[in-house]
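With the first letter of the sequence shown counted as 1, position 130 gets the number 130 in UniProt numbering; the numbers rise by one all the way through.
A short worksheet on the structure shown next.
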Amino acid sequence: MEWIKTIPKVKGVYTQIEPICEALQIDQRNCDQNMISISFNRIDPLFMYTQFLKEALLEIEDDDTKSIKELVDYCRLQGDVSEKTLEKIEKEYRNHTPIWWYTGPYFIYSMLNRGLRLMDVDIILKMGFFIRHLQQYRICSKTT
Numbered sequence: 001m002e003w004i005k006t007i008p009k010v011k012g013v014y015t016q017i018e019p020i021c022e023a024l025q026i027d028q029r030n031c032d033q034n035m036i037s038i039s040f041n042r043i044d045p046l047f048m049y050t051q052f053l054k055e056a057l058l059e060i061e062d063d064d065t066k067s068i069k070e071l072v073d074y075c076r077l078q079g080d081v082s083e084k085t086l087e088k089i090e091k092e093y094r095n096h097t098p099i100w101w102y103t104g105p106y107f108i109y110s111m112l113n114r115g116l117r118l119m120d121v122d123i124i125l126k127m128g129f130f131i132r133h134l135q136q137y138r139i140c141s142k143t144t
């Protein structure tokens, strides 16, 4: 039986089925564990943080009126959106679907995409209510 030690791929010599099954189960568990650790080690941290942010953002329940006002105030401070557009959003946001605002001639599309592209958490959080509405609209559209 010395030859077993010289061949690294041989794990043992078995004459009964039970020990073979036990050895295979142990090896299976070890392989599964190794695959899990490899999978987690290969996940890009930015991707992981983005997923966490997205999940947290979609779970937040806040006052839409307050959120819209915060977005409008933020845009006023930035100074790159017309006052007329900001007033329209403040007064008419609930009258239209999120898709309407996103595809319309407003700043929503460019601001949201800039925030997501640059991973600008301030912009993403300010637009969180809109992202949630977009997600809810998408889910409702699939069910109808």
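For glycine and all other residues, C-beta sits at the position ideal for the given N, C-alpha and C.
Item: Looking at the structure shown, is Ile60 part of a helix, part of a strand, or coil, going by DSSP?; Value: coil
Item: List the whole-angstrom C-beta distance separating Tyr137 from Thr97, where the pair is believed to meet the contact cut-off of C-beta under 8 Å.; Value: 6 Å
Item: Tell me the DSSP secondary structure of Ser82 in three-state form.; Value: coil
Item: What is the C-beta distance between Val72 and Glu92, in whole angstroms, given that I count them as a contact (C-beta under 8 Å)?; Value: Contact doesn't hold; Cβ gap of about 12 Å is too wide.
Item: Answer yes or no: do residue 231 and Ile108 have a C-beta to C-beta separation smaller than 8 Å?; Value: This structure cannot speak to residue 231, because the chain is shown only from 1 to 144.
Item: Among residues of its own chain, excluding the 5 on either side of Lys11, which ones have a beta-carbon nearer than 7 Å to its beta-carbon?; Value: Ala23
Item: Indicate the three-state DSSP secondary structure (helix, strand or coil) for Phe97 in the structure shown.; Value: Looking at the sequence shown, residue 97 is not Phe but Thr. If DSSP states are grouped into helix, strand and coil, Thr97 belongs with coil.
Item: Given a cut-off of 8 Å on the beta-carbon distance, is the pair Leu57 and Ile131 in contact?; Value: yes
Item: Could you tell me the boundaries of the alpha helix (DSSP H) in which Met111 lies?; Value: 108-118
Item: Any idea what DSSP makes of Pro105, helix, strand or coil?; Value: coil
Item: Which of the three DSSP states, helix, strand or coil, is assigned to Val10?; Value: coil
Item: Pull up the CB-CB distance for Asp80 and Phe129, whole angstroms please, since I reckon it's below 8 Å.; Value: Rounded, the Cβ-Cβ distance is 20 Å, inconsistent with contact.
Item: Can you tell me whether DSSP reads Glu70 as helix, strand or coil?; Value: helix
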